[in-house]
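> In this note's numbering, the protein residues as written are 433 to 719.
For glycine and all other residues, C-beta sits at the position ideal for the given N, C-alpha and C.
This structure is in structure tokens; I'll ask about it shortly.
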């Protein structure tokens, strides 16, 4: 039986670096669907090294020398919150179900979308693009608690590097507008603005192939527009809410509850090429 979220966190805290990298990939076998398990079982485990044990600079300390993760969030030179760092979701809750904590009526699906969502659950998620090493889509790409991501922040551009599938996002803050002149993309196209201490990221231009989550299989169309609101309440924690506006799939926009992330110190993301060594994809049967 798969461990619950609390057990997952306890397991991770007991495993010293660099062992966490081995175990993180192994756990995917028991925490995702059958098809996902096949695809992850075939991938290679990365080897730990000094590369992921390099001390994080600028960490505030308590009087006894321990990291003060509840200390003030760092600021950039222009006084904005600095989101830079290696982050990991606290749990798998939103990866499995983006609507976790919401009532069914809070996520009003169009009839075709509800039928498709139920079919995906019935078919044990074998149609999930992620099971074929294809990108997660937004916001699911942020939510997998088994893999960290790295934020690199500049005044005009925020880049997010994801360890799983080695994906990246460019979030432009140079004043450009979201347009319809770019090819449809798995991760869409993103711009951002500041709302006080909150970074508001707008993403559109998706293809119609992505899933919003894994176990529930909430669908999305090419009309999807995602608004992510990121906050860093203190040094060691990050928060995000996602609003889904997709009139083709849902009768009105809806917003997730708040997802929480924790800062990883003394480590970095590693290369993860999921197709390397893969032998099961030709045997997966999907709709």
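I'd like to know whether the C-beta atoms of residue 485 and residue 493 end up nearer to each other than 7 Å.
On the chain shown, residue 485 is found 53 positions in, with the first residue counted as 1. On the chain shown, residue 493 is found 61 positions in, with the first residue counted as 1. Not a contact, by the Cβ cut-off of 7 Å.
> What is the DSSP secondary structure of residue 467, counted as helix, strand or coil?
Within the chain shown, residue 467 is the residue found at index 35, counting from 1. Because residue 467 carries a pLDDT of 43, less than 50, the predicted location of this residue cannot be relied on, and the following value inherits that uncertainty. DSSP places residue 467 in helix when its eight states are reduced to three.
> What are the residues that DSSP puts in a beta bridge with residue 541?
What you label residue 541 is simply residue 109 of the chain shown in a count that begins at 1. DSSP output for residue 541 lists 682 as bridge partner(s).
> For residue 413, does the three-state DSSP call read helix, strand or coil?
Here the chain comprises residues numbered 433 to 719, so residue 413 is not present and cannot be evaluated.
> How big is the Cα-Cα spacing for residue 660 and residue 530?
Position 228 of the chain shown, counted from the first residue, corresponds to residue 660. Position 98 of the chain shown, counted from the first residue, corresponds to residue 530. Approximately 13 Å, taken between the alpha carbons.
> So for residue 526, helix, strand or coil by DSSP?
Translated into the one-based positions of the chain shown, residue 526 becomes position 94. In the structure shown, residue 526 sits in a helix (DSSP, three-state: H, G or I).
> The beta strand (DSSP E) spanning residue 601 covers which residue range?
Against the chain shown, residue 601 aligns to sequence position 169. Where residue 601 is concerned, the enclosing beta strand (DSSP E) stretches over 599–604.
> Counting only the same chain and skipping the five closest in sequence on each side, list residues whose C-beta sits under 7 Å from that of residue 532.
What you label residue 532 is simply residue 100 of the chain shown in a count that begins at 1. Within the same chain, residue 532 has close Cβ partners 525, 526 and 689.
> Between the region 696–704 and the region 549–560, can you find at least three pairs of beta-carbon atoms closer than 8 Å?
Output reads no: the region 696–704 does not touch the region 549–560.
> CB-CB under 7 Å to residue 504, same chain, minus the five flanking residues each way: which ones, in chain order?
Against the chain shown, residue 504 aligns to sequence position 72. Result list for residue 504: 666 and 667, in chain order.
> Kindly indicate which three-state DSSP category residue 547 falls into: helix, strand or coil?
Residue numbering aside, residue 547 sits at position 115 when the chain shown is read from its first letter. If DSSP states are grouped into helix, strand and coil, residue 547 belongs with the helices.
> When you compare only the Cα positions, how much space is there between residue 488 and residue 699?
As a working mapping, residue 488 is identified with position 56 in the chain shown. As a working mapping, residue 699 is identified with position 267 in the chain shown. Each residue's alpha carbon lies about 8 Å from the other.
> Cutting at 6 Å between CB atoms, please list the residues of its own chain near residue 635, excluding the five before and the five after it.
Walking along the chain shown from the start, residue 635 turns up at place 203. Result list for residue 635: 570, 620, 622 and 658, in chain order.
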